[in-house]
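So the sequence shown is residues 1 to 152, counted in UniProt numbering.
Using N, Cα and C, we set each Cβ at its ideal position, and we do this for glycine too.
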Amino acid sequence: MEMYLGVAAKFLVAVVSIVIIIRMIGQKELSQTTPIDLVFIIMLGDIVGGMIHERDFKFTHIIFIVTIWGLLMWSAEKLTRKKTFERWMDGKPEVIIRNGSVNAQLMNKENLTMQELNTQLRKKGVFDIKEVKIGILEIDGSVDVSREGYEQ
């Protein structure tokens, strides 16, 4: 029973520490998550999971590791405000459809299938690629479309 209480207490300390650090960094919603944030989240999950079950880890170790994680995440956030680093880390929006024609090179580069592209278009109310004047593949993987000036 004592082991379970220790694991629960470590987990609670880790969660509270993580929430405090994320609030200090300024992440307010999941839609702000970038690829580097995802890497840090995966790393943190692994670190905390290992620490919780390790008997030799103390509460101060958890707070220390989570603080280092927070500093690294904060540093990455500051670096992404520099244009060159931001483009390298997050990518940039690119035109994937122009006047109903799909950019096959970009599709290959982004490992995007026609089925995935069509799904994104349907979410925007477009059921025929030929209707799209400009389709932009956003850095989050969504596709924004413009049908302005579309002529059949």
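CB residue i to CB residue j, shorter than 7 Å?
i: Q120; j: V143; result: yes
i: W69; j: L44; result: yes
i: I63; j: M51; result: no
What residue from the options has the CA that sits closest to residue i's CA?
i: I47; options: M1, A14, N103, T60; result: A14
i: E131; options: I139, L137, G141, N118; result: N118
i: E110; options: I139, M1, I65; result: I139
i: H53; options: V126, F11, V66; result: F11
i: I97; options: R55, E77, S146; result: S146
i: F40; options: S75, K123, V16; result: S75
i: N99; options: G141, I136, A8; result: I136
Tell me whether residue i sits in a helix, a strand or coil according to DSSP, three-state version.
i: I41; result: helix
i: K109; result: helix
Identify the residues that DSSP records as bridge partners of residue i: which are they?
i: E94; result: L137
i: T144; result: According to the sequence shown, residue 144 is Asp rather than Thr. DSSP lists I136 as partners of D144.
i: V66; result: DSSP lists no partner for V66.
i: S101; result: R98
Tell me, please, whether the CB atom of residue i is closer than 7 Å to any CB atom in chain C?
i: M43; result: Annotation note: the requested chain C is absent from the structure, which comprises a single protein chain.
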